[in-house]
Each structure stands twice: as structure tokens, then as C-alpha cells.
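Asks: Numbering (the UniProt record's numbering), first residue to last: 1 to 94. Just so you know, even glycine gets a beta-carbon here, dropped at the ideal spot from N, CA and C. Dumping the structure here so I can ask a few things about it.
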Amino acid sequence: MATLDNRAACENWRAKDRLCSSLLALFPAALVGQVVRVTLLDDSQVTGRLESCDGMLNLVLTGGVLVTPANTSKDRIEPITLEEITIFGKRARY
Numbered sequence: 001m002a003t004l005d006n007r008a009a010c011e012n013w014r015a016k017d018r019l020c021s022s023l024l025a026l027f028p029a030a031l032v033g034q035v036v037r038v039t040l041l042d043d044s045q046v047t048g049r050l051e052s053c054d055g056m057l058n059l060v061l062t063g064g065v066l067v068t069p070a071n072t073s074k075d076r077i078e079p080i081t082l083e084e085i086t087i088f089g090k091r092a093r094y
């Protein structure tokens, strides 16, 4: 377990306040439990049940997640099925 000094504790607290107050994070939060499709910056698509999200729009998808790679190459890459995936908010296309 990590310990925080006073400065780090204050920064951490402000970050949590900022994340909880993000209006943009309310939209995916309303979809928790639903099947969603997320398009990534490289045009790949990830489909699965939204398990959780946070104020930085990091998403956790579960329940037979299907990852469909972008069709940018000449070689067709088959879709991949995973049990769970975490998508960082900065990697999702808005």
C-alpha cells in the first residue's frame, strides 16, 4: 500500500473532485450495463458490455468483447474475442 505526503494527497483529492465533476463522463456512465461499440483512433472497433467508466473516460468492457481491427491494410485481420478490455479515454474517438 502506497502512502502519500500532504502535497500528493491534495493533488490526488483535487483529481478525484475533477473526475467526479466531469460532465462528459455522465454520458458513458448512463450506459453502464449496456452493450456499446467504441471506435478507437485507429478506426478499430471494440464491442462489449460497459462494466465501468471514470471521469477520464477510461472504459472497461466485459462479456465476450469483440475487437474488430481497422481495414487499413491489404491483409484482412480477423476479429478477436476477449473476456475483458480496458480502453484508455485518450484512445477512443469522440
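1) Am I right that residue 32 and residue 50 are in contact with their C-beta atoms under 8 Å? What's the rounded C-beta distance?
2) Alpha carbon to alpha carbon, how far is residue 97 from residue 40?
3) Taking the alpha carbon of residue 64 as the point to measure from, which residue in 93, 37, 27, 28 has its own alpha carbon closest?
4) Less than 8 Å between the beta carbons of residue 61 and residue 92, yes or no?
5) How close, in whole Å, do the beta carbons of residue 46 and residue 77 come, if the pair is a contact with beta carbons under 8 Å?
Replies: By the coordinates alone:
1) 5 Å
2) No information on residue 97 is available, as it lies outside the stretch 1 to 94 that the chain covers here.
3) The shortest C-alpha separation from residue 64 is found at 37.
4) no
5) Actually they do not touch by this definition, with Cβ atoms about 14 Å apart.
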